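Chains A and B, in that order, give the protein sequences. 1 is the number of the first residue of the first sequence in UniProt numbering; add one for each residue after it. 1 is the number of the first residue of the second sequence in UniProt numbering; add one for each residue after it. We put the beta carbon where it would ideally sit given N, CA and C, even for glycine. Remember, it's a predicted structure, so these values are computed and weren't measured experimentally. Written below as structure tokens is the structure these notes are about.
2 protein chains.
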Amino acid sequence: MDQPVSELLRTRGLRSTAQRRAVLTALHGHAHSTAAELEHRIQSADDGSGTSGTSPRLSRQGLYNVLEDLSRAALIRCIEPAGSPARYELRVGDNHHHLVCRSCGRIKDVDCSVGRAPCLEPGDDAGFSIDEAEITWWGLCADCRPATAQRPPRH
Amino acid sequence: MDQPVSELLRTRGLRSTAQRRAVLTALHGHAHSTAAELEHRIQSADDGSGTSGTSPRLSRQGLYNVLEDLSRAALIRCIEPAGSPARYELRVGDNHHHLVCRSCGRIKDVDCSVGRAPCLEPGDDAGFSIDEAEITWWGLCADCRPATAQRPPRH
DNA sequence: GGTCAAAATTGACTGTGTCAAAACTGCCCG
DNA sequence: CGGGCAGTTTTGACACAGTCAATTTTGACC
């Protein structure tokens, strides 16, 4: 089960190391993890696969190195919502966007209707050559919204 | 010349203090300043107005308090582009967006064609009640773009 | 299996921002 | 026009996220 991950790494010109495999598998099913969350998930448990893949030791610096290498290889993507440490996800290359709850910080992916970056053009590009439009929607998720606002007020 | 600022503060329910006036005036002509930049600008010089307004002492904590108070009063706005400390600006309430240079960090305002938040709706709001769409365009400014890319390639 | 560049670890360190308690000061009131 | 006090600011310690540089370890090719 680790074989595909190893090959994925090598096809991107990266060595297959236990640390890199661990970060990639730790991200499965845990989109938008912070570095600290990944660190805990990797250090305090095996990778949950039940197979031979036990977790390696992983230093903080090592984690940051891995995250940068994987980002540069476009195997993961990093987002930095205001007020949050950097978060990482496996969804890459589809130029999707994010919905963030102002209260609990929950993050939801939002498909990009255009699909490729930049999906949106500014009215005036001020001479920039733009390669990406990053969109973050802010609001309250269903759980955090006060009951009185669950339905839009009718005035 | 300080009178209007004082009144502005009071009309928003905030006391007019030397520190708050200094932050507001330090932001004039210096949009997208970081807290550190404001701190230096206020501590190391008078306010540049040439009038009686000399700068007060301002502690770091005091600066952060002021920035939070002014933000809550909607007198300033805070943005946090990925990879940058928080930045502050006086343009408020027009739901404008930002263009950021990946190389030098230069930030340009981009008018919002819709004008009021949220100017954009996600395809699926996942049950959130959305109040703002924050858009950041990423690219290279004219100064940072390599010469060969100054004109779009013609293939 | 040997070799060596690539990758990981170690430990100190920086920048940005926060907490809590004490001191100060605008501004209202008499 | 001076007292009083809630609202502000200062002080100093601290936390968090991330970075730097030097050393050690390791993956993968021969």
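Would you mind sorting residue i into buried or exposed? The rule is 16 or more other CB atoms within 10 Å of its CB.
i: A:C141; result: buried
i: A:D143; result: exposed
i: A:C104; result: exposed
i: A:V23; result: buried
i: B:H32; result: buried
i: B:V66; result: buried
i: B:V114; result: exposed
i: B:Y64; result: exposed
i: B:T51; result: For B:T51, the predicted model reports a pLDDT of 46, less than 50, meaning its position is unreliable; a value from the coordinates is still stated below. Under this definition B:T51 is an exposed residue.
i: A:E121; result: exposed
i: A:R72; result: exposed
i: A:A36; result: exposed
i: B:R60; result: exposed
Report the neighbours of residue i on chain A: residues whose CB is nearer than 9 Å to its CB, in chain order.
i: B:I76; result: Neighbours of B:I76 on chain A: none; closest Cβ ~15 Å, over 9 Å.
i: residue 161 of chain B; result: Residue 161 of chain B is absent from the structure shown; chain B starts at 1 and stops at 155.
i: B:M101; result: According to the sequence as given, residue 101 of chain B is Cys; it is not Met. Here the neighbours are F128.
Sort out for me which residues DSSP pairs residue i with in a bridge.
i: B:A133; result: A:W137
i: A:E89; result: A:R77
i: B:I42; result: Its beta-bridge partners do not exist; DSSP assigns none.
i: B:L70; result: Partner(s): none; B:L70 has no beta bridge.
i: B:L99; result: B:K108, B:W137
Whose CA, out of the options, lies closest to the CA of residue i?
i: A:D125; options: B:E132, B:D111, B:E134, B:P122; result: B:D111
i: A:A106; options: A:E132, A:G139, A:L120, A:A117; result: For clarity, residue 106 of chain A is Arg in the given sequence; the question names Ala instead. Checked all of A:E132, A:G139, A:L120, A:A117; the closest Cα to A:R106 is A:G139.
i: A:R116; options: A:R102, A:C101, A:E134; result: A:E134
i: A:Q43; options: A:R102, A:A86, A:L58; result: A:L58
i: B:G123; options: A:P118, A:H97, A:D131; result: A:H97
i: A:R102; options: A:A82, A:V5, A:L90, A:G93; result: A:A82
i: B:E132; options: B:H40, B:R60, B:D94; result: B:D94
Mind listing the chain B neighbours of residue i? Cutoff is C-beta to C-beta under 8 Å, in chain order.
i: A:P85; result: Under the 8 Å cutoff, chain B gives no residues; its nearest Cβ is about 11 Å from A:P85.
i: A:G123; result: V110, D111, S113
Between residue i and the ligand COA, is the CB less than 7 Å from at least one heavy atom?
i: A:A126; result: This structure does not include the ligand COA; it has no bound ligands of any sort.
Determine the chain A residues that contact residue i at a beta-carbon separation under 7 Å, and present them in chain order.
i: B:G127; result: C141, A142
i: B:D131; result: W138, G139
Residues of chain B with a CB under 9 Å from the CB of residue i: which are they?
i: A:L120; result: L120, I135, W137
Could you list which residues in chain B have their beta carbon closer than 7 Å to that of residue i, in chain order?
i: A:A82; result: E80
By the criterion of Cβ-Cβ separation under 8 Å, what are the contact partners of residue i in chain A?
i: B:R91; result: Near B:R91 there are no residues of chain A at all, since even the closest Cβ is about 15 Å away, more than 8 Å.
Inset, instruction - Give the residues from the stretch 53 to 68 of chain B that approach chain A closer than 9 Å (Cβ to any Cβ), ordered along the chain. - result: For the stretch 53 to 68 of chain B, the set of positions with a beta-carbon nearer than 9 Å to some beta-carbon of chain A is empty.
Legend entry - Within 8 Å of chain A by C-beta, residues of the stretch 106 to 118 of chain B in sequence order: K108, V110, D111, S113, P118
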